[in-house]
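Working notes, structure below.
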């Protein structure tokens, strides 16, 4: 049996200095952890060190190639689509082979014999229709060709000066012949003859020459143009009508 008078042993207490040191270590560890995780505001002087620390942490992390991952995903999707298309083609191929192809139909021989012996339509009928459909050729309504140039002389109008001058000259000439009544008669005859001759001479002097130009038009008609002077074109030359007169084409 236990002795009731025996006392319970007392617990050994921790020294105060050791407890203080342990608490300081714990506080320092917590502060360092908070500084690394970014809980505490960073000092200005440590910006470069913190940047280097973060760069080192990022560099230490394994890099993920997003482009390679996207390419692999697209390749897998393309393979899947190709496999589906191949499967659909394999499913459709037996159906297409199962459908019977229609046999070629041969034309009966009697039709060919009839076709060979049938009379051909005359070719001249088609050609005649083609000629009827051709438009009529257009032509120049004011164009033509000179076919002839005729020269005509028209006597001029007498003013009486020639008759008077001729009568005087004839009278003087007749007066040179005969004696007495004979001279008088010759003078009268000379005056009459001289008057008539002088009148004709005056008409010839005042006569006008005209040029009749005949033109064969392209529409088949013939037209005549009168010129008081020699025309500027010759026979066989192409001309056209402009403002009522002929000009060279």
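In this note's numbering, the protein residues as written are 573 to 821. Note that beta-carbon positions come from the ideal geometry of N, C-alpha and C, so glycine has one too.
Contact between residue 716 and residue 742 is ruled out by a C-beta separation of about 52 Å, above the 8 Å threshold.
A contact between stretches requires three or more CB pairs, one per stretch, nearer than 8 Å, and the region 716-725 meets this requirement with the region 780-798. Annotated three-state conformation of residue 722 is strand, per DSSP.
DSSP, read as helix, strand or coil, puts residue 806 in coil. Residue 780 places its beta carbon less than 8 Å from that of residue 800. For residue 714, there is no enclosing alpha helix (DSSP H), as DSSP gives it neither H nor E.
In the DSSP assignment, residue 787 forms a beta bridge with 718, 795. Here residue 817 has 797 as same chain residues with Cβ atoms under 8 Å from its own Cβ, once five neighbours each way along the sequence are excluded. The DSSP-derived three-state label of residue 778 is coil. Straight-line measurement puts the Cα of residue 736 at about 9 Å from the Cα of residue 763. Secondary structure note for residue 595: its alpha helix (DSSP H) is the uninterrupted segment 588-609.
Nearest neighbour of residue 784 by Cα position, chosen from 806, 643, 793, turns out to be 806.
Distances from the CA of residue 723 to each of 648, 782, 777, 758 were compared; the closest alpha carbon is that of 782. Going by C-alpha positions, residue 820 is about 9 Å away from residue 804.
A residue is called buried once 16 or more other Cβ atoms fall within 10 Å of its Cβ, and residue 597, having fewer, is exposed.
In this structure, 808 is the residue among 594, 643, 808, 591 with its C-alpha nearest to the C-alpha of residue 721.
Classified as exposed, residue 599 has fewer than 16 neighbouring CB atoms from the shown chains inside 10 Å of its CB. The three-state secondary structure of residue 816, taken from DSSP, is coil.
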